[in-house]
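Trainee: Chains as they are written, first to last, in the numbering used here: chain A, 555 to 912; chain B, 555 to 912.
Built from N, CA and C at the ideal position, the CB exists for glycine as well.
Number of protein chains: 2
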Amino acid sequence: MTKQKDKIKEFGDEIVTSVEKGKQPKIHIPVRALSNIVFNQKTKTLELGNKMADRYFFNVAHAKKFLQTVEVAAVSRELIETGKHASLRDVFYMVKRTIPNTSTNIVDDQTESDKSMEDLELITSFSREQLHVNANKNGSVAGSVVIEDKGDVIDWSKMGSGGWSIPSNVEEITFKKVHARYVLYMEKAAVWERLHEDKYWNKHDCIIMSSQGQTTRGIRRLLQRLSQEHSLPIFVLADFDPYGVYIYSVIKYGSINLAHMSGRMTIPSVRFLGITADDIIKYDLKKHFIKMKDIDFDRLKQISEYDWFKNNKPWQRQFKMMKDFGAKAEIQALSSRGISFISEKYLPDKIKANDVLD
Amino acid sequence: MTKQKDKIKEFGDEIVTSVEKGKQPKIHIPVRALSNIVFNQKTKTLELGNKMADRYFFNVAHAKKFLQTVEVAAVSRELIETGKHASLRDVFYMVKRTIPNTSTNIVDDQTESDKSMEDLELITSFSREQLHVNANKNGSVAGSVVIEDKGDVIDWSKMGSGGWSIPSNVEEITFKKVHARYVLYMEKAAVWERLHEDKYWNKHDCIIMSSQGQTTRGIRRLLQRLSQEHSLPIFVLADFDPYGVYIYSVIKYGSINLAHMSGRMTIPSVRFLGITADDIIKYDLKKHFIKMKDIDFDRLKQISEYDWFKNNKPWQRQFKMMKDFGAKAEIQALSSRGISFISEKYLPDKIKANDVLD
């Protein structure tokens, strides 16, 4: 943790030096606005552009943000020194207080401390997990993998029906043994339980991982580490709907909110396994369609216009079919073909045929 | 699983016998409507009353529900026979199909198959988990506990930073070793991570368990089993708001939806540890108040009028204070007193002083 502490100290030292020299203290950071977010065609990720900005202490419009950033840096430093981790919500409460002799609070709303935390990520080049500030905890994992975490040796193949509960921060776990051909990530815990009960990971030499809905940063980093450190292909299994595509898109290309962290979060090699429009036809799932609402159509239009999708023919074909169907379908619709159809037929066939979307 | 299968067979046999005798098949079950839900002052739980009803096959208003119940029973039987478990959503898709030569679907909406599943719980006297139909999966646990589940021996004290991921169904786990004085259940995963990092369960000989928001049936059953089989006190730690009180209320007294299952789900001995109105004053948390909205006031009024709260003076005092404050506060507001204030001061003091609400 010395590196992180050094970076924070460096940040503080610069401010102190300015003050001592009688200069106005400033923070020099990239602009984090839509206008400075670009899709890098080479790395295939959403990144920040080159626009930089200065935040001055003696500027009525900047002073509060300046102070917030310094306060969040102090909290992070304290956490690193004590070896503890906090959530963003904790950081908000730790920073929140009224400036003496004024009625002004350092932060009034969590979005302010969150933004400062993002600034600190940019200033230090460390993720907030590395700065000891954790995201939400969610999700389970199983597979022939042994890890070490906080001195415990944990065998993901011996976790009963529950699996290992994925922590919010996976920076410090080490992989002792990874026996898997690929990782299957799904957005639904119920589907994970189905595959786990069918011993899918054991029969097919893979790792199964799930969240419930949103993919947390902990899960994304765990997927990324398995991809980078163990060269495992990552497959995403999601509902056939705009939200399912969005889940895949965020894992693969990043999101506007995390553009400043894209290198640490995105997994360009991730592949979309299903549910696709072709699966719907092939497996006769049309009768389990759920009608799309206006909001779904709007979302679909938005997604289909993303930089990375707009010239992607296979995806445009999917979007057109979804629009023409006017309907979405859930992973669990496969259960209409039999409770273990997904693990005995659907997944093995798809993976064998390499029937994926990129 | 023979008992469950026998009960389902019994249910089917009765229908077949009626048909063979030329009698109209019927299902005799308790009425599950607000009019038949009573608060049992003795057991202190929400239960079904004595009103019974017959559901006839040859009755236009009953026929569909009759068929749905039979279909869900068939799915459950198949699951038990194959040793597999399904989610409610799976059951919906497994039951859903169009009746030949008609345009009528057996079920159109998941609420229909869900209701039939509840009927089957009443008919067989088994919970749906025992009938192999699982609820949502959520939550983590840590402590000096060793369990066996699906042939795996799992040590809750050696799960790294993640903990054991609680499955949706905990009926078949066995406790090999339970070394704990009490269980602390909290509604927030971030607070669980705080306590886990501070080794709270190790220092205070307890089990820490969390969900994210709602308390799943898996968690409730796990809490109940630890309470019943190991006589452990259960403490609930929730935000100071109507929703936090509701979480506690459901665990302790049950809910209208689950009145037919109250014996298997409620834990009358559970105690509310905090956050209380007195904690707010004692620990100077007023500055971290969040203003209550109309919907919060409505919810508070509703809860304060519950049968089990309306003559409970300590709780009525809390409700009045909450109303007078016109504000709620989160567990994490304690972080304003220092990141580990909760595990080093707040919780040990509260538990030592037995400062709880019943």
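According to a CB-to-CB cut-off of less than 7 Å, which residues of the segment 803-825 of chain B neighbour chain A?
Mentor: Answer set for the segment 803-825 of chain B: empty.
Trainee: Residues of chain A with a CB under 9 Å from the CB of residue 718 of chain B: which are they?
Mentor: As a first step, residue 718 of chain B must be located in the second sequence, where it is residue number 164. Within chain A, the residues near residue 718 of chain B are 713, 714, 716, 717, 718 and 719.
Trainee: For residue 791 of chain A, write down the residues that DSSP places opposite it in a beta bridge.
Mentor: Numbered from 1 along the first sequence, position 237 holds the residue referred to as residue 791 of chain A. The partner list for residue 791 of chain A (beta bridge, DSSP) reads A:740 and A:828.
Trainee: Alpha carbon to alpha carbon, how far is residue 751 of chain B from residue 639 of chain A?
Mentor: Your numbering for residue 751 of chain B matches position 197 in the second sequence. Your numbering for residue 639 of chain A matches position 85 in the first sequence. Each residue's alpha carbon lies about 8 Å from the other.
Trainee: Counting along the chain, where does the beta strand (DSSP E) carrying residue 607 of chain A start and finish?
Mentor: Here residue 607 of chain A refers to the residue found at position 53 of the first sequence. From DSSP, the beta strand (DSSP E) with residue 607 of chain A extends over 606-610.
Trainee: If you measure from the CB of residue 901 of chain B, is any heavy atom of the ligand COA nearer than 6 Å?
Mentor: For the ligand COA, the structure offers nothing, since it holds no ligand at all.
Trainee: Considering just the uninterrupted stretch of the alpha helix (DSSP H) at residue 801 of chain A, what are its terminal residues?
Mentor: To locate residue 801 of chain A, count along the first sequence from 1; it is residue 247. Segment 796-807, the alpha helix (DSSP H) holding residue 801 of chain A.
Trainee: If you run the structure through DSSP and keep just helix, strand and coil, what is residue 708 of chain A?
Mentor: The residue labelled residue 708 of chain A in the question sits at position 154 within the first sequence. It is a strand residue.
Trainee: Given this structure, state the Cα-to-Cα distance separating residue 869 of chain A from residue 824 of chain A, to the nearest angstrom.
Mentor: Taking the first residue of the first sequence as position 1, residue 869 of chain A is located at position 315. Taking the first residue of the first sequence as position 1, residue 824 of chain A is located at position 270. In a straight line, the C-alpha of residue 869 of chain A is about 14 Å away from that of residue 824 of chain A.
Trainee: Excluding five sequence neighbours on each side, which residues of the same chain lie with their C-beta closer than 7 Å to the C-beta of residue 562 of chain B?
Mentor: As a position in the second sequence, residue 562 of chain B is number 8, starting the count at 1. So the list reads 627, 630, 631 and 678, once near-sequence residues are dropped.
Trainee: Suppose the cutoff is 8 Å on Cβ atoms and the five residues either side in sequence are ignored; what does the same chain contact list for residue 773 of chain B look like?
Mentor: For this step, residue 773 of chain B is matched to residue 219 along the second sequence. Counting only Cβ-Cβ distances below 8 Å, and skipping sequence neighbours, we find 692, 693, 720, 739, 763 and 765.
Trainee: Excluding the five sequence neighbours on either side, which residues of its own chain have a C-beta within less than 8 Å of the C-beta of residue 708 of chain A, listed in chain order?
Mentor: In the first sequence, counting from the first residue as 1, residue 708 of chain A sits at position 154. Around residue 708 of chain A: 700, 701, 702 and 718.
Trainee: May I ask you to list, following chain order, the residues of the segment 745-758 of chain B that have a beta carbon less than 7 Å from some beta carbon of chain A?
Mentor: The segment 745-758 of chain B vs chain A, Cβ under 7 Å: 747 and 751.
Trainee: Could you compute how far the alpha carbon of residue 834 of chain A sits from the alpha carbon of residue 871 of chain A?
Mentor: Counting from 1 along the first sequence, the entry for residue 834 of chain A is found at position 280. Counting from 1 along the first sequence, the entry for residue 871 of chain A is found at position 317. Straight-line Cα distance between these residues: approximately 14 Å.
Trainee: For chain B, check one thing: does any of its Cβ atoms lie closer than 7 Å to the Cβ of residue 582 of chain A?
Mentor: Against the first sequence, residue 582 of chain A aligns to sequence position 28. Chain B, which has no Cβ nearer than 7 Å to the Cβ of residue 582 of chain A, makes this no.
Trainee: How long is the line joining the alpha carbons of residue 572 of chain B and residue 609 of chain B, rounded to whole angstroms?
Mentor: Position 18 of the second sequence, counted from the start, is the residue given in the question as residue 572 of chain B. Position 55 of the second sequence, counted from the start, is the residue given in the question as residue 609 of chain B. Distance between the alpha carbons of residue 572 of chain B and residue 609 of chain B: 13 Å.
Trainee: So which of A:804, A:761 and A:580 has the shortest CA-CA distance to residue 617 of chain A?
Mentor: Taking the first residue of the first sequence as 1, we reach residue 617 of chain A at position 63. The option with the nearest alpha carbon to residue 617 of chain A is A:580.
Trainee: Step through the CB atoms of chain B and report whether any lies within less than 7 Å of the CB of residue 643 of chain A.
Mentor: One-based indexing of the first sequence puts residue 643 of chain A at position 89. Yes, residue 643 of chain A lies at the interface with chain B (some Cβ there is under 7 Å from its Cβ).
Trainee: Between the Cα of residue 780 of chain B and those of B:814, B:753 and B:730, spot the shortest distance and give me the residue it belongs to.
Mentor: Counting from 1 along the second sequence, the entry for residue 780 of chain B is found at position 226. Here the closest residue by C-alpha is B:730.
Trainee: Chain A partners of residue 690 of chain B, CB-CB under 9 Å?
Mentor: Numbered from 1 along the second sequence, position 136 holds the residue referred to as residue 690 of chain B. The answer, in chain order, is 743, 744 and 766.
Trainee: Among B:734, B:743 and B:732, whose alpha-carbon lies nearest the alpha-carbon of residue 715 of chain B?
Mentor: Mapped onto the second sequence, residue 715 of chain B falls at position 161. Looking at the Cα atoms, B:743 is the closest of the given residues.
Trainee: So with CB distances below 8 Å, who are the chain A contacts of residue 887 of chain B?
Mentor: The residue labelled residue 887 of chain B in the question sits at position 333 within the second sequence. Per Cβ cutoff of 8 Å: 647.
Trainee: For the segment 622-641 of chain B, which residues have a CB atom closer than 9 Å to at least one CB atom of chain A, in sequence order?
Mentor: Those would be 629, 632, 633, 636, 637, 638, 639, 640 and 641, in chain order.
Trainee: Using the three-state DSSP reduction, which class does residue 862 of chain B fall into: helix, strand or coil?
Mentor: As a working mapping, residue 862 of chain B is identified with position 308 in the second sequence. Three-state result, residue 862 of chain B: coil.
Trainee: Taking the straight line between their C-alpha atoms, what separation do you get for residue 593 of chain B and residue 874 of chain B?
Mentor: Indexing the second sequence from 1 puts residue 593 of chain B at position 39. Indexing the second sequence from 1 puts residue 874 of chain B at position 320. About 23 Å.
Trainee: DSSP three-state label for residue 843 of chain A, please.
Mentor: Looking up residue 843 of chain A in the first sequence gives position 289. Coil, per DSSP.
Trainee: Taking only the alpha-carbon atoms, compute the straight-line gap between residue 621 of chain A and residue 560 of chain A and give it to the nearest angstrom.
Mentor: Position 67 of the first sequence, counted from the start, is the residue given in the question as residue 621 of chain A. Position 6 of the first sequence, counted from the start, is the residue given in the question as residue 560 of chain A. Going from the Cα of residue 621 of chain A to the Cα of residue 560 of chain A covers about 20 Å.
Trainee: With distances taken Cα to Cα, identify the nearest neighbour of residue 569 of chain B among B:758, B:624 and B:803.
Mentor: Counting from one through the second sequence, the residue named residue 569 of chain B turns up at place 15. For the residues B:758, B:624 and B:803, the minimum Cα distance to residue 569 of chain B belongs to B:624.
Trainee: Is the segment 596-610 of chain A touching the segment 635-651 of chain A, taking contact as three or more C-beta pairs under 8 Å?
Mentor: At 8 Å Cβ cutoff, the stretches do not touch.
Trainee: Taking C-beta pairs closer than 9 Å, name the residues in chain B that residue 559 of chain A reaches, listed in chain order.
Mentor: One-based indexing of the first sequence puts residue 559 of chain A at position 5. Neighbours of residue 559 of chain A on chain B: none; closest Cβ ~17 Å, over 9 Å.
Trainee: Along the chain, where does the alpha helix (DSSP H) that runs through residue 757 of chain A open and close?
Mentor: Against the first sequence, residue 757 of chain A aligns to sequence position 203. First-last of the alpha helix (DSSP H) with residue 757 of chain A: 754-757.
Trainee: Please state the DSSP three-state secondary structure of residue 834 of chain A.
Mentor: Stepping through the first sequence from its first residue, residue 834 of chain A is reached at position 280. In the structure shown, residue 834 of chain A sits in a helix (DSSP, three-state: H, G or I).
Trainee: Evaluate contact between the segment 755-762 of chain B and the segment 800-809 of chain B, counting only Cβ atoms and requiring at least three cross-stretch pairs below 8 Å.
Mentor: No contact exists between the segment 755-762 of chain B and the segment 800-809 of chain B.
Trainee: Shortest alpha-carbon distance to residue 910 of chain B belongs to which of B:725, B:840, B:799 and B:689?
Mentor: Within the second sequence, numbered from 1, the residue matching residue 910 of chain B stands at position 356. Measuring from the Cα of residue 910 of chain B, the nearest candidate turns out to be B:799.
Trainee: Please go through the same chain and pick out, in chain order, the residues whose beta-carbon is closer than 7 Å to the beta-carbon of residue 590 of chain A, but skip the five residues on each side of it.
Mentor: The residue labelled residue 590 of chain A in the question sits at position 36 within the first sequence. Within the same chain, residue 590 of chain A has close Cβ partners 584, 602, 603 and 605.
Trainee: Please classify residue 762 of chain A: does DSSP put it in a helix, a strand, or coil?
Mentor: As a first step, residue 762 of chain A is located in the first sequence; it is residue number 208 there, counting from the start. Three-state result, residue 762 of chain A: strand.
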